[in-house]
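One structure is given below, encoded as structure tokens.
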Amino acid sequence: MKSLLYLISLLTVLSLNGCANQAFFSPTNERDPSEKVSRVYSLSGNHIAYRLFPASNSPQRGTIVHFHGNSGQMEQTQEKVVWLTQHGFNVLTFDYSGFGYSTGNATDKAAYLDAISMLNFINQYNHQPLFVVATSTGSNIFLRAWVDNPVAIDGMILDSPFSSYIKEAQFVLRQSPFGIMYDWFAQFIMRDDYAAEQSLHRVPSSHALVIHCQHDAVVPFEFGEHVYQHIKGSKTFMALDDCRHARAMTNEHPHHQQHIAQWLKATEQLVRNQTSVTPIEMIAYQE
Numbered sequence: 001m002k003s004l005l006y007l008i009s010l011l012t013v014l015s016l017n018g019c020a021n022q023a024f025f026s027p028t029n030e031r032d033p034s035e036k037v038s039r040v041y042s043l044s045g046n047h048i049a050y051r052l053f054p055a056s057n058s059p060q061r062g063t064i065v066h067f068h069g070n071s072g073q074m075e076q077t078q079e080k081v082v083w084l085t086q087h088g089f090n091v092l093t094f095d096y097s098g099f100g101y102s103t104g105n106a107t108d109k110a111a112y113l114d115a116i117s118m119l120n121f122i123n124q125y126n127h128q129p130l131f132v133v134a135t136s137t138g139s140n141i142f143l144r145a146w147v148d149n150p151v152a153i154d155g156m157i158l159d160s161p162f163s164s165y166i167k168e169a170q171f172v173l174r175q176s177p178f179g180i181m182y183d184w185f186a187q188f189i190m191r192d193d194y195a196a197e198q199s200l201h202r203v204p205s206s207h208a209l210v211i212h213c214q215h216d217a218v219v220p221f222e223f224g225e226h227v228y229q230h231i232k233g234s235k236t237f238m239a240l241d242d243c244r245h246a247r248a249m250t251n252e253h254p255h256h257q258q259h260i261a262q263w264l265k266a267t268e269q270l271v272r273n274q275t276s277v278t279p280i281e282m283i284a285y286q287e
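If you count the sequence shown from 1, position 65 lands on 65 in full-length UniProt numbering, and the numbers rise without skipping.
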């Protein structure tokens, strides 16, 4: 997640326009889409760009959908998941409205509707074990969307998660001089209408791996613990002491990548043993 410090200067202005949560999103836009980018229509009314990276070896173990964070676009964040193709997983990345090659504006509501749309889309075509990797803000977006649209998901990895836009804004405000004196302001101009905070108890049971850096300066470690404590199912928590915010799954930390890949493979095997899923090639569809 790109630093949210710019939120401080935007909060007042955006609140006057009734769109304070836009301060969480710092998209990078692209004008000339790659030939490898496809699009799907979203409930947000926008066309969402996505890209499928096929598994580089056989047999295919499953499909992973990545919900990236609050900044950049999928081609800048794919480094966190595309390496998993080397372990037999198809990887699907996509951009929320207003990001990358997707149309529309970046808002919390649009991202929520985009998440529901992508979950429905992948479930329509995927016939393999399905996993979600959600990074930082992407965890908040995904969890709320999944609560309201509980499609079948076999496992999830939540990297540096949080579940409240308001609480995250308060944390950011506290990092500025005298911020502790006015962090309360966030609750009046931010909203959690499309956040996971009030719905964590309704998150469907699933295999889960929660990852968080102990010294995360952007999303505090206790936010990840909070999410972990409230989700149900078979779950594991990886507390890391040698990484920056949302970087544990990149090539900067091959040892963490190894442990994450091992968890995915073990979970995939559990899922197959329980459901007798037959490997089927995943192909990209254009709508």
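The C-beta atom is built at its ideal place from N, Cα and C for all residues, glycine as well.
Of V210, K36, L92, N149, the smallest CA-CA separation from L130 is found for L92.
S58 and W83 have their C-alpha atoms roughly 15 angstroms apart. With contact defined as three or more Cβ pairs closer than 8 angstroms, the segment 162–170 and the segment 109–124 are not in contact. Inter-segment contact for the segment 145–155 and the segment 202–217 is present: three or more beta-carbon pairs are separated by less than 8 angstroms. By the neighbour-count criterion, in which a residue is buried when 16 or more other Cβ atoms sit within 10 angstroms of its Cβ, E75 is buried. Of the candidates S160, W263, D216, R244, W263 places its Cα closest to the Cα of S234.
Every unbroken stretch of the alpha helix (DSSP H) spanning 4 or more residues and falling wholly within the UniProt domain "Serine aminopeptidase S33" (59–168) is given here in chain order: 74–77, 108–125, 137–148. With contacts defined as CB atoms closer than 8 angstroms, A111 and I141 qualify as a contacting pair.
Every alpha helix (DSSP H) stretch that sits fully inside the segment 208–247 and reaches 4 residues is listed by chain position as 221–230. DSSP places R191 in the coil class of the three-state scheme, outside both helix and strand. Minimum Cα-Cα distance from N126 among the listed residues S44, E225, L52 corresponds to L52. In the DSSP annotation of this structure, V37 is not part of any beta strand (DSSP E), being labelled neither H nor E.
In the three-state scheme derived from DSSP, where H, G and I count as helix and E and B as strand, P204 is classed as coil. The beta carbon of A239 lies closer than 6 angstroms to those of Q214 in the same chain, with the five residues before and after it left out. Rounded to whole angstroms, the gap between the alpha carbons of Q175 and E222 is 16 angstroms. In the displayed model, A266 falls within a helix according to three-state DSSP. Closest in C-alpha terms to S160, from the list F237, G62, V147, comes F237. Residues H230 of the same chain have their beta carbon placed closer than 7 angstroms to that of H201, with the five preceding and five following residues left out of the count. Rounded to the nearest angstrom, the Cβ distance from I48 to D95 is 7 angstroms, consistent with a contact under 8 angstroms. Sequence-distant partners of F25 (beyond 5 residues in either direction) whose C-beta falls short of 6 angstroms from its own C-beta, in its chain, are N70, A106. For the pair Y101 and F67, the Cα-to-Cα distance works out to about 15 angstroms. With contacts defined as CB atoms closer than 8 angstroms, V147 and S97 fail to qualify as a contacting pair. Excluding its 5 nearest sequence neighbours in each direction, Y194 has C-beta neighbours in its own chain below 7 angstroms: D108, K109, Y112, R144, listed in chain order. F53: member of the beta strand (DSSP E) spanning 47–53, first to last residue.
The shortest CA-to-CA distance from Y41 to any of A134, V172, G104 is the one to G104. In this structure, S56 lies near T85, with their beta-carbon atoms less than 8 angstroms apart. CA-CA distance, S44 to A134, rounds to 20 angstroms.
The beta carbon of S139 lies closer than 6 angstroms to those of L158, P161 in the same chain, with the five residues before and after it left out.
When only Cα atoms are considered, T28 and T77 end up about 11 angstroms apart. If you check the CB distance, V132 and M249 do not come in under 8 angstroms.
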